[in-house]
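Accompanying notes for the structure given below.
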Amino acid sequence: MQRDELADFLRHRREAIRPAEVGIADGPRRRTAGLRREEVAMLAGMSVDYVVRLEQGRSSQPSTQLLGALARVLRLSDDERAHLFHLAGHRPVPADGVARMARGGLIRLLDLLGDTPAVVLSDLGEALAQNRAAVLLMGDHTGLSGDRRYLAHRWFTDPALRAVTPPEECEHHSRQLVADLRAAAGRRSGDPTVTGLIDRLQAASADFRRLWAEHEVAVRRADRKTLLHHRMGRLVMDCETLMTPDQGQMLLVLTPADAETRERLELLRVLGIEEFPAESADTSADTSVEASADVSTDRPADTSTGPHTETDTDRDASSGDTSRDTDTDSRPRS
1345 MQRDELADFL
1355 RHRREAIRPA
1365 EVGIADGPRR
1375 RTAGLRREEV
1385 AMLAGMSVDY
1395 VVRLEQGRSS
1405 QPSTQLLGAL
1415 ARVLRLSDDE
1425 RAHLFHLAGH
1435 RPVPADGVAR
1445 MARGGLIRLL
1455 DLLGDTPAVV
1465 LSDLGEALAQ
1475 NRAAVLLMGD
1485 HTGLSGDRRY
1495 LAHRWFTDPA
1505 LRAVTPPEEC
1515 EHHSRQLVAD
1525 LRAAAGRRSG
1535 DPTVTGLIDR
1545 LQAASADFRR
1555 LWAEHEVAVR
1565 RADRKTLLHH
1575 RMGRLVMDCE
1585 TLMTPDQGQM
1595 LLVLTPADAE
1605 TRERLELLRV
1615 LGIEEFPAES
1625 ADTSADTSVE
1635 ASADVSTDRP
1645 ADTSTGPHTE
1655 TDTDRDASSG
1665 DTSRDTDTDS
1675 RPRS
């Protein structure tokens, strides 16, 4: 771990982020360049004290989960994110690992789209990021783990999800998902993440086995889909997909296809985000997105009691580092 280099890198990246980029008002009395340490801590879900220690080169080795949160908050590019992991003494988490994040440029596009719902997806249908308009339309779908994060797995193993799709469109959606997964499998030949997903789908769904055997291949680019929304009723959406050059991530943009849908989306923005009960979160999230864009994910019940705080003691216990500096920081914080 290169503590001094890591500290310098984090300070400079923090100072380079404008508060407005992360949804924080930039008032006239603000004296700090970029984000304050307190703001980084709040957005990343860690203690202010640990952020201070990181920037002073006095921390224990941060976990990969913490590094992923910092990279997200600081809007790091792929190269910057990999550099962050190397400075902290970790190999960058593989693209399909639990810390996979949307590219920095796609995150900025989400912000620029404003009231137009947009989602950043992986090539396996994982929702990596959403703008506020997409959260209003779909709920927040970026926190899944295991096979539930893959759209195709949910679609073929949970028939209840199809209830929000008109019956006449279900076969079309199924074929789209399978053909797109076939294209991803071709690009990532031999990737155990993809082959494992396909094997589990074939074991779980006769419908998937039928369509997979037909060997249809097609990358999703543009489509029109009907969503039977749980609050707004029938919504007809045009879906445009913009792929990154390596086709590893895509930006899905959803626009209303008719005047009635446009009016209902405007009403939804006025009503704001509905708070779903924890016990029905999975159902509520799924029923508001599967039919609209074939990109939704469940919204798991939040069992946390507050923001996660990663302590030096926890990290030392997991890494075996017992040489941590125990000094307390008395320097004024920005």
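In the working numbering, the protein residues as written are 1345 to 1678. All C-beta atoms in this analysis are idealised placements derived from N, C-alpha and C, irrespective of residue type, glycine included. Being a predicted model, the structure only gives us computed values, none of them experimental.
Would you mind stating whether residue i and residue j have Cβ atoms separated by less than 9 angstroms?
i: G1458; j: A1477; result: yes
i: R1531; j: D1491; result: no
i: R1685; j: T1585; result: No answer is possible for residue 1685: it lies beyond the span of the chain, which begins at 1345 and ends at 1678.
i: T1486; j: A1471; result: yes
i: L1598; j: L1450; result: no
i: D1567; j: Q1520; result: yes
i: L1495; j: L1454; result: no
i: R1347; j: G1412; result: no
i: L1456; j: V1417; result: no
i: A1689; j: V1395; result: With the chain covering 1345 to 1678 only, the question about residue 1689 has no answer from this structure.
i: L1541; j: H1497; result: yes
Roughly how many angstroms separate the alpha carbons of residue i and residue j, rounded to a whole number?
i: R1358; j: V1464; result: 24 angstroms
i: E1383; j: V1561; result: 45 angstroms
i: L1420; j: A1462; result: 20 angstroms
i: A1601; j: T1570; result: 10 angstroms
i: L1609; j: E1513; result: 22 angstroms
i: V1366; j: D1551; result: 42 angstroms
i: L1730; j: I1368; result: Residue 1730 cannot be examined here, being either before or after the span of the chain that is shown, 1345 to 1678.
i: D1535; j: R1375; result: 49 angstroms
i: T1641; j: F1500; result: Bear in mind that the predicted position of T1641 carries a pLDDT of just 37, short of 50, making it unreliable; the figure below should be weighed with that in mind. About 13 angstroms.
i: H1573; j: P1510; result: 11 angstroms
i: A1415; j: S1533; result: 29 angstroms
i: R1435; j: A1426; result: 8 angstroms
i: D1638; j: E1607; result: Bear in mind that a pLDDT of 48 at D1638, under 50, signals an unreliable position, so the number given afterwards is only what the model happens to contain. Roughly 22 angstroms between the two C-alpha positions.
i: L1579; j: L1398; result: 47 angstroms
i: P1363; j: S1403; result: 25 angstroms
i: Q1546; j: D1484; result: 28 angstroms
Nearest to residue i by alpha carbon, out of the options?
i: R1452; options: L1468, P1436, S1391, Q1474; result: Q1474
i: H1430; options: D1524, G1577, L1350; result: L1350
i: H1559; options: V1597, A1528, E1512, D1484; result: A1528
i: Q1405; options: R1373, D1422, E1424, G1433; result: G1433
i: S1407; options: M1345, A1603, G1540, L1521; result: M1345
i: V1508; options: G1534, G1577, C1583; result: G1577
i: L1525; options: D1484, W1556, P1503; result: W1556
i: M1386; options: A1377, S1403, R1373, L1410; result: L1410
If we count the other Cβ atoms within 10 Å of its Cβ and call it buried at 16 or more, is residue i buried or exposed?
i: S1489; result: exposed
i: Q1593; result: buried
i: L1354; result: buried
i: H1652; result: A caution first: H1652 carries a pLDDT of 44, below 50, which makes its placement in the model unreliable, though a value can still be read off. Burial call: exposed.
i: D1423; result: exposed
i: H1517; result: buried
i: L1611; result: exposed
i: G1616; result: exposed
i: E1515; result: exposed
i: V1614; result: exposed
i: T1539; result: exposed
i: A1377; result: exposed
i: R1493; result: buried
i: R1554; result: exposed
i: R1373; result: exposed
Secondary structure at residue i, three-state DSSP: helix, strand or coil?
i: P1436; result: coil
i: E1584; result: strand
i: T1460; result: coil
i: H1573; result: strand
i: A1645; result: Below a pLDDT of 50, predicted positions are generally treated as unreliable, and A1645, at 39, falls in that range; the measurement from the model is reported next regardless. DSSP places A1645 in coil when its eight states are reduced to three.
i: E1654; result: Note that E1654 has pLDDT 47, beneath the 50 cutoff, so the model's placement of it is unreliable and no number is given.
i: E1390; result: For the record, residue 1390 in the displayed sequence is Met; it is not Glu. In this structure, M1390 counts as coil in the three-state DSSP scheme.
i: T1599; result: strand
i: F1353; result: helix
i: A1473; result: strand
i: R1447; result: coil
i: L1410; result: helix
i: Q1520; result: helix
i: M1594; result: strand
i: D1467; result: coil
i: R1402; result: coil
i: D1422; result: helix
Looking at the ligand PLP, does it come within less than 8 angstroms of residue i, judged from the CB to the closest heavy atom?
i: L1615; result: The ligand PLP is not among the ligands present in this structure, which contains no ligands whatsoever.
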